[in-house]
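For the working numbering, count along the sequence shown from 1 and bump the result up by 110.
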Amino acid sequence: MEMKTLTPTILHELVERIDVYQTQGRGKNRTQRIVIHYNFIGVLDLPEVEEYPENVVLDSRQGVAIEYLVGKAS
111 MEMKTLTPTI LHELVERIDV YQTQGRGKNR TQRIVIHYNF IGVLDLPEVE
161 EYPENVVLDS RQGVAIEYLV GKAS
């Protein structure tokens with residue numbers, strides 16, 4: 111099954127909760143930790159990879175960097 115659109119209904123079925131932590135740092139170096147708890151899976155740890163495959167899209171608004179901290183879910 112290929113999902114092309116993430117609708118609110120699908121999101122509510124997939125995600126149990128999202129933990130959003132206080133921001134750390136200041137200015138351009140500010141970071142914020144977000145942990146997503148999925149239904150039936152829990153927290154999904156991503157493997158360490160140099161480069162993600164083409165079918166994995168990391169998207170954000172301009173000026174926001176995305177970084178996955180492997181093994182830091184708890």
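We put the beta carbon where it would ideally sit given N, CA and C, even for glycine.
Being a predicted model, the structure only gives us computed values, none of them experimental.
Setting aside the 5 residues that flank it on each side, Gln132 is surrounded in the same chain by Gln142, each with a C-beta closer than 8 Å to its C-beta; the list follows chain order. Between Leu121 and Tyr148 a beta carbon distance of about 11 Å is seen, past the 8 Å cut, so the two are scored as non-contacting. In the DSSP assignment, Ile120 falls within the alpha helix (DSSP H) that extends over 118-124. Taking 9 Å as the cut-off, the Cβ atoms of Val145 and Val153 count as close.
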